[in-house]
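From first to last, the protein sequence lines stand for chains W and Z. Just so you know, we're using the working numbering here: the first sequence kicks off at 21 and counts up by one. Just so you know, we're using the working numbering here: the second sequence kicks off at 191 and counts up by one.
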Amino acid sequence: MTDTKKEKAGRREFIQNATLGAVAIVGGSQAVNEATVHAHPHDHQVVPDDIALRVRALESVLVDKQMLDPAELDDVVDAYENRIGPRNGAQVVARAWTDPEYKSRLLDDGTAAIAELGFGGAQGEHMVVIENTPDVHNFVVCTLCSCYPWPTLGLPPIWYKSSAYRSRAVIEPRAVLSEFGTELEGDVEVRVWDSTAETRYLILPERPTGTENMTEEELTEIVTRDSMIGVTKIATPQG
Amino acid sequence: MNSVHDMGGMDGFGSVEREENEPVFHDVWEGRMFGLFSVSAGVLGPWHRGRNFPWFRFAFESIPPEAYLRMSYYERWFEVLSANLLRAGLVSERELETGYRDPDQPLPTLLPDPTETAPSGTSEAPTFGINDTVLVRNLHPRGHTRVPRYVRGKRGVVVTDNGVWTLQDTDERGQRLGNFPQHVYTVRFESQELWGNRGAVNDAIYVDLWEEYLEPV
Chain W
21 MTDTKKEKAG RREFIQNATL GAVAIVGGSQ AVNEATVHAH PHDHQVVPDD IALRVRALES
81 VLVDKQMLDP AELDDVVDAY ENRIGPRNGA QVVARAWTDP EYKSRLLDDG TAAIAELGFG
141 GAQGEHMVVI ENTPDVHNFV VCTLCSCYPW PTLGLPPIWY KSSAYRSRAV IEPRAVLSEF
201 GTELEGDVEV RVWDSTAETR YLILPERPTG TENMTEEELT EIVTRDSMIG VTKIATPQG
Chain Z
191 MNSVHDMGGM DGFGSVEREE NEPVFHDVWE GRMFGLFSVS AGVLGPWHRG RNFPWFRFAF
251 ESIPPEAYLR MSYYERWFEV LSANLLRAGL VSERELETGY RDPDQPLPTL LPDPTETAPS
311 GTSEAPTFGI NDTVLVRNLH PRGHTRVPRY VRGKRGVVVT DNGVWTLQDT DERGQRLGNF
371 PQHVYTVRFE SQELWGNRGA VNDAIYVDLW EEYLEPV
């Protein structure tokens, strides 16, 4: 048996067993041993070449069996590549910075206030917005998987889903923030929000000094994705 | 279940690596995989449109730890979706290999829409109030659960009552235990309660927990 064939057989065995509870542990570990020739140490690993083909085959057979409309799939990909992303969240933040009544509604009922700007849907059904202040710095993690507010931030970046971030955010939050360039004084309280249930969290970052004369539209341009996850602050724009 | 997906507090994974100008999908297949999952969720039964999917979460967590760590994010999605399609009898192994419908196989019939299981609207009285101190029960179920290991047996304070939600936990085969509507609370844990002297006095961790994970102190 060639290595490739062995790996394929191992994968098949894994698929058969993966959802069968305890059986998966026994059946799957053999697959793993055969597959570890492709071991990669961290989340940026290069994936096996044939995954693209396997995904294409899966799509093809589902279309062939009339279980899937490829146009619907195109729409989903297009939506998340081009329309649903952190520009949405930035609009929410800029509005909150410039309209105190909106900010009050946003902190009181995030879902409803975000819907006022036209954003909602999958993974944004129950939004809570948390305000960062000079005294309390908040940021968000999903230690169990990758929960993230899609309608306002889009799909999460790789680092948010990485083992390093998920494992460390709750035990050494200041070291993690420091890696993002966010250094906090010791008397600043750090709050880490682990998204373990159905609520999705969006951080309302502090409005930087020197932006008093900027319009809502201009402010939208300076709001970053990472500041709405809470791992960074927004710097005063230069020039 | 107590597997490697439950990562909070583990050491050894190194620094957080970021990618400048990261694309939404790193390759075409990642986008197709995301779309496949989103679109086909509706034909697979008890989960729908990318939410309320304990079965799918259970399947992710059942990937053996060595494989889980080796796989990229969307590789896990592929394994879980293809495994669930096989398990449900909606595709055969040969079809997955060839990419074409086996003419001997009948076309699958759609299952009825699953019932909505988001907030149930029931008005069970909450057991706990804001500022109550609670103890997280020392639970180690073999199925899917939303109580991370790092808070089990620890004390925290209720800061928010998020209303009534159905429990998402499953048994050891990935079947939901039932709706069991109950209050979900945001509980604040002081860092040093969780991590001893490795925690910082000024740090706190907030975790959303279903009522049955908690007991009064």
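A virtual CB, placed ideally from N, CA and C, is assigned to each residue, including glycine. Since the structure is predicted, the reported quantities are computational estimates derived from the model, not experimental observations.
N-terminal and C-terminal residue of the beta strand (DSSP E) that residue i is part of
i: W/E92; result: Taken as a continuous stretch (DSSP letters only), W/E92 belongs to no beta strand (DSSP E), being part of the alpha helix (DSSP H) at 90-98.
i: Z/A315; result: Looking at the DSSP string, Z/A315 is not in any beta strand (DSSP E), and its letter there is neither H nor E.
i: W/D214; result: 209-214
i: Z/T376; result: 372-380
i: W/R220; result: 220-224
i: Z/T323; result: 323-326
i: Z/P406; result: 404-406
i: Z/I395; result: 393-400
i: W/V160; result: 156-161
Sub-8 Å separation of residue i and residue j beta-carbons
i: Z/Y258; j: Z/H195; result: yes
i: W/G105; j: W/G174; result: yes
i: Z/L286; j: W/A72; result: no
i: W/V112; j: W/L126; result: yes
i: Z/W245; j: Z/T360; result: yes
i: W/C165; j: Z/R366; result: no
i: W/T256; j: W/T231; result: yes
i: Z/F379; j: Z/V407; result: no
i: W/E101; j: Z/F227; result: no
i: Z/L357; j: W/Q86; result: no
i: Z/L276; j: Z/E265; result: no
i: W/V190; j: W/V208; result: no
i: W/D214; j: W/T163; result: yes
i: W/R245; j: W/C167; result: no
i: W/E237; j: Z/W355; result: no
CB-CB length for residue i against residue j, believed under 8 Å
i: Z/V337; j: Z/V377; result: Rounded, the Cβ-Cβ distance is 10 Å, inconsistent with contact.
i: Z/G364; j: Z/G333; result: 7 Å
i: W/F139; j: W/T172; result: 6 Å
i: W/P193; j: W/V210; result: 5 Å
i: W/P169; j: W/L222; result: 5 Å
i: W/V243; j: W/A110; result: 4 Å
i: Z/F268; j: W/V75; result: 6 Å
i: W/V16; j: Z/V281; result: A question about residue 16 of chain W goes unanswered here, because the residues of chain W that appear run from 21 up to 259.
i: Z/A249; j: Z/V270; result: 4 Å
i: W/E79; j: Z/R327; result: Going by Cβ atoms, the distance from W/E79 to Z/R327 rounds to 43 Å, so no, they are not a contact pair.
i: W/T240; j: W/A114; result: 4 Å
i: W/I178; j: Z/E209; result: 6 Å
i: Z/N192; j: Z/H330; result: 6 Å
i: Z/D322; j: W/T216; result: Wrong, their Cβ atoms sit about 19 Å apart, outside the cutoff.
i: W/I249; j: W/Y180; result: 7 Å
Enclosing alpha helix (DSSP H) for residue i [first to last residue]
i: W/M248; result: 245-249
i: Z/L259; result: 255-260
i: Z/A278; result: Unbroken run through Z/A278: none, as it is neither H nor E.
i: Z/G225; result: 218-230
i: W/L239; result: 236-242
i: Z/F250; result: 244-252
i: W/K181; result: 178-181
i: W/I71; result: 71-84
i: W/V196; result: 193-199
i: W/L173; result: 170-173
i: Z/R284; result: 283-288
Candidates the options: closest to residue i by CA position
i: Z/V206; options: W/R76, W/V196, W/E203, W/E238; result: W/V196
i: Z/S262; options: Z/F224, Z/E362, Z/Q295, Z/P316; result: Z/F224
i: Z/H373; options: Z/Y403, Z/D292, Z/A390, Z/R247; result: Z/Y403
i: Z/Y396; options: Z/N192, Z/M191, Z/G198; result: Z/G198
i: Z/D292; options: W/W170, W/E241, W/D84; result: W/D84
i: W/R188; options: Z/W385, Z/E209, Z/T360; result: Z/W385
i: W/E145; options: W/T153, W/N152, W/I134, W/D155; result: W/I134
i: Z/P345; options: Z/L357, Z/L325, Z/D201; result: In the sequence on display, residue 345 of chain Z carries Arg and not Pro. Nearest option by C-alpha distance: Z/L325.
i: W/E151; options: W/N102, W/C167, W/D129; result: W/D129
i: W/L204; options: Z/D393, Z/Q295, Z/P371; result: Z/D393
i: W/F159; options: W/R103, W/L239, W/E226; result: W/E226
i: Z/F370; options: Z/S381, Z/D201, Z/E401; result: Z/E401
i: Z/G204; options: W/E218, W/A99, W/R186; result: W/R186
i: W/G206; options: Z/D398, Z/G389, Z/E383; result: Z/G389
i: Z/A315; options: Z/R339, Z/Y375, Z/M200, Z/A273; result: Z/Y375
i: W/Q143; options: W/S198, W/P176, W/L88; result: W/P176
i: Z/G202; options: W/Q258, W/N233, W/M234, W/S182; result: W/S182
i: Z/G319; options: Z/T350, Z/G343, Z/R339, Z/Q295; result: Z/T350
Near the ligand SAM: residue i beta-carbon under 7 Å from a heavy atom
i: W/E236; result: Among the ligands in the structure shown, none appear at all, so the ligand SAM cannot be discussed.
Secondary structure, beta strand (DSSP E): runs of 3+ residues fully inside the stretch 107-152 of chain W: Whole beta strand (DSSP E) segments, 3+ residues: 147-151.
Ranges of the alpha helix (DSSP H) found wholly within the stretch 331-372 of chain Z, counting only runs of at least 4: You should have found no qualifying run.
Contact set between the stretch 173-184 of chain W and chain C, restricted to residues whose Cβ is under 7 Å from the partner: In the displayed structure, chain C is absent; the protein chains listed are W and Z.
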